[in-house]
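Enquirer: Converting from the sequence shown to the working numbering requires adding 661 to each position, the first position being numbered 1. For every residue, glycine included, the Cβ atom is placed at its ideal position computed from N, Cα and C. Keep in mind the model is a prediction, meaning the values are calculated, not measured. Below is a structure I'd like to ask you about.
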Amino acid sequence: MTESIREFHRIAVIDCGTNMFTVLIAEGNNDGWERKHVIRQPVFIGQGGFQNRSIRTDRFARGLDALRTFHQALRNYDVKLVRVVGTSALRDANNGTDFAAEVQRQFGWDMDIISGQDEAGWIFRGVVQTLNEALDRVLIMDIGGGSVEFVLTQRTASGQWEVKEALSLDAGVARLEEFGKPEDPLGESGEKRYSAFLNNVMEPLEAVLATHQPTALVGSSGSFDTFAEAVNGSKAEVPYLERRTLEPIDRRGLQHLHGRLMTEPYERRLKIPGMAPARAKMIPLSSMLVMHVLSKMEASATVYRSPFAMREGLMDEVWQHLCKVSGDQTI
Numbered sequence: 662m663t664e665s666i667r668e669f670h671r672i673a674v675i676d677c678g679t680n681m682f683t684v685l686i687a688e689g690n691n692d693g694w695e696r697k698h699v700i701r702q703p704v705f706i707g708q709g710g711f712q713n714r715s716i717r718t719d720r721f722a723r724g725l726d727a728l729r730t731f732h733q734a735l736r737n738y739d740v741k742l743v744r745v746v747g748t749s750a751l752r753d754a755n756n757g758t759d760f761a762a763e764v765q766r767q768f769g770w771d772m773d774i775i776s777g778q779d780e781a782g783w784i785f786r787g788v789v790q791t792l793n794e795a796l797d798r799v800l801i802m803d804i805g806g807g808s809v810e811f812v813l814t815q816r817t818a819s820g821q822w823e824v825k826e827a828l829s830l831d832a833g834v835a836r837l838e839e840f841g842k843p844e845d846p847l848g849e850s851g852e853k854r855y856s857a858f859l860n861n862v863m864e865p866l867e868a869v870l871a872t873h874q875p876t877a878l879v880g881s882s883g884s885f886d887t888f889a890e891a892v893n894g895s896k897a898e899v900p901y902l903e904r905r906t907l908e909p910i911d912r913r914g915l916q917h918l919h920g921r922l923m924t925e926p927y928e929r930r931l932k933i934p935g936m937a938p939a940r941a942k943m944i945p946l947s948s949m950l951v952m953h954v955l956s957k958m959e960a961s962a963t964v965y966r967s968p969f970a971m972r973e974g975l976m977d978e979v980w981q982h983l984c985k986v987s988g989d990q991t992i
């Protein structure tokens with residue numbers, strides 16, 4: 662079908678993460694794009710497969726079921742262009758390319774299984790849209806199921822944000838759960854069991870922090886949505902799809918929440934305001950990762966939640982590509 666970017670396009674980005682599959686539907690033309698709809702499906706495609714580097718049969722099927730739901734939603738929204746990416750679990754699995762081939766066969770979508778460095782780059786491209794001039798040196802953190810991405814960015818004299826360092830570390834919460842088999846609640850003793858591993862896997866980050874000394878930690882969506890809503894209270898007055906700015910998270914409040922997450926069992930964590938049921942199981946591990954990072958930063962460093970993440974970075978790239986095409990664009 663031939664369309665012009667001067668007209669409005671419905672565009673979708675599908676992020677096949679290790680724990681969560683997410684589709685972002687946006688509408689855009691030459692003036693820009695805006696989020697219209699987000700659907701999340703907890704798939705846990707990496708569950709039970711890290712040690713043998715394979716997607717289990719039941720997880721394989723569940724991933725396809727989630728994409729089938731997305732496929733119908735995109736038909737209903739009359740989406741013209743779809744970008745699909747797979748991250749840590751799919752890039753590590755020996756049968757990750759088999760999953761991508763099945764996605765192409767069933768839905769006609771070409772799935773890119775991206776590297777950790779590419780993932781970090783698109784996370785930056787998403788989050789940078791929400792950074793403001795009050796900040797200077799920022800560490801962006803994205804907690805995934807299989808990996809954790811970090812981007813150290815600094816604002817230049819011209820006001821642009823420049824990437825100084827980008828890391829993708831195999832310390833995602835699903836990976837930590839499978840290898841560490843933590844008790845519930847995690848407790849102080851459970852947290853200590855991970856300390857040697859975290860000190861080792863986070864060593865590249867420590868070098869980055871020592872060199873650049875960021876003054877703020879910005880978490881991209883995901884677990885940081887839960888942290889922000891649990892610490893700050895519900896932000897229902899600002900609909901999710903309309904959020905485009907950073908939200909501060911009080912460090913003392915975050916520390917208090919961490920204490921609860923370490924000591925309260927799953928059933929009680931579900932009752933914490935702002936707790937997404939799909940995140941309640943692994944959120945103690947997410948909190949442990951954040952506390953580890955903050956322990957390596959200055960006590961004065963501030964913490965923020967960005968409503969944008971990799972999917973918004975990918976969406977921006979798709980839109981920019983369409984805008985470069987003059988005249989009519991075949992989609």
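Assuming LEU931 and VAL834 make a contact with CB atoms under 8 Å, what is their CB distance in whole Å?
Expert: For the purposes of this step, residue 931 is identified with residue 270 of the sequence shown, where counting begins at 1. For the purposes of this step, residue 834 is identified with residue 173 of the sequence shown, where counting begins at 1. In fact, because the Cβ distance is near 17 Å, the residues do not count as touching under 8 Å.
Enquirer: Please classify SER967 as buried or exposed, where buried requires at least 16 neighbouring CB atoms within 10 angstroms.
Expert: The residue you call residue 967 lines up with position 306 of the sequence shown. By the neighbour-count rule (16 or more Cβ atoms within 10 Å), SER967 is buried.
Enquirer: Is the separation between the beta-carbon of SER829 and that of ALA781 shorter than 8 Å?
Expert: Taking the sequence shown and counting its residues from 1, one reaches residue 829 at position 168. Taking the sequence shown and counting its residues from 1, one reaches residue 781 at position 120. Yes.
Enquirer: Is it the case that the segment 784-802 contacts the segment 730-749, given that we only count it when at least three CB pairs across the two stretches are under 8 Å?
Expert: no
Enquirer: Would you say the segment 872-887 touches the segment 797-809, given that touching needs at least three Cβ pairs under 8 Å?
Expert: yes
Enquirer: At the level of alpha carbons, what is the spacing between ALA734 and PRO909?
Expert: The residue labelled residue 734 in the question sits at position 73 within the sequence shown. The residue labelled residue 909 in the question sits at position 248 within the sequence shown. Cα to Cα, ALA734 sits roughly 33 Å from PRO909.
Enquirer: For SER956, which of ARG940, VAL979, LEU975 and ARG912 has the nearest alpha-carbon?
Expert: As a working mapping, residue 956 is identified with position 295 in the sequence shown. The shortest C-alpha separation from SER956 is found at ARG912.
Enquirer: Tell me, please, whether the CB atom of ARG798 is closer than 8 Å to any CB atom in chain D?
Expert: The structure shown has no chain D; it contains just one protein chain.
Enquirer: Counting only the same chain and skipping the five closest in sequence on each side, list residues whose C-beta sits under 6 Å from that of HIS732.
Expert: In the sequence shown, counting from the first residue as 1, residue 732 sits at position 71. Excluding positions up to five away in sequence, the list reads PHE768.
Enquirer: Alpha carbon to alpha carbon, what distance is there between VAL892 and LEU918?
Expert: Along the sequence shown, one-based indexing puts residue 918 at 257. Along the sequence shown, one-based indexing puts residue 892 at 231. The straight-line gap from Cα to Cα measures roughly 7 Å.
Enquirer: Let me check one thing: in DSSP terms, what residues is PHE811 bridge-paired to?
Expert: For the purposes of this step, residue 811 is identified with residue 150 of the sequence shown, where counting begins at 1. Paired residue(s): MET802 and LEU828.
Enquirer: Kindly list the residues whose CB is nearer than 6 Å to the CB of TRP980, restricted to its own chain and excluding five residues on each side of it in sequence; keep chain order.
Expert: Counting from one through the sequence shown, the residue named residue 980 turns up at place 319. Same-chain partners within the cutoff: GLY689 and TRP694.
Enquirer: To the nearest angstrom, report how far apart THR730 and GLU959 are at their CA atoms.
Expert: Taking the sequence shown and counting its residues from 1, one reaches residue 730 at position 69. Taking the sequence shown and counting its residues from 1, one reaches residue 959 at position 298. Near 44 Å, if we compare the C-alpha coordinates of GLU959 and THR730.
Enquirer: Have a look at ARG714 and ASP692 and give me their C-alpha separation to the nearest angstrom.
Expert: Along the sequence shown, one-based indexing puts residue 714 at 53. Along the sequence shown, one-based indexing puts residue 692 at 31. Answer to the nearest angstrom: the Cα atoms are 44 Å apart.
Enquirer: Looking at the strands, I want to know which residues DSSP matches up with MET681.
Expert: Numbered from 1 along the sequence shown, position 20 holds the residue referred to as residue 681. In DSSP, MET681 forms a bridge with PRO703.
Enquirer: Taking MET772 as the reference, which of ASP779, GLN778 and GLU763 has the closest Cα?
Expert: Taking the sequence shown and counting its residues from 1, one reaches residue 772 at position 111. Just measuring C-alpha positions, the residue of ASP779, GLN778 and GLU763 sitting nearest MET772 is GLU763.
Enquirer: Can you tell me which residues form a DSSP beta bridge with ALA673?
Expert: Within the sequence shown, the letter at position 12 stands for residue 673. Answer is ILE686 and VAL743, bridged to ALA673.
Enquirer: Does the count of Cβ pairs from the segment 839-848 and the segment 923-943 closer than 8 Å reach three?
Expert: yes
Enquirer: Give the single residue among GLU864, LEU866, PHE840 and GLU867 whose Cα lies nearest to the Cα of ARG854.
Expert: In the sequence shown, counting from the first residue as 1, residue 854 sits at position 193. It is PHE840 whose Cα lies nearest to the Cα of ARG854.
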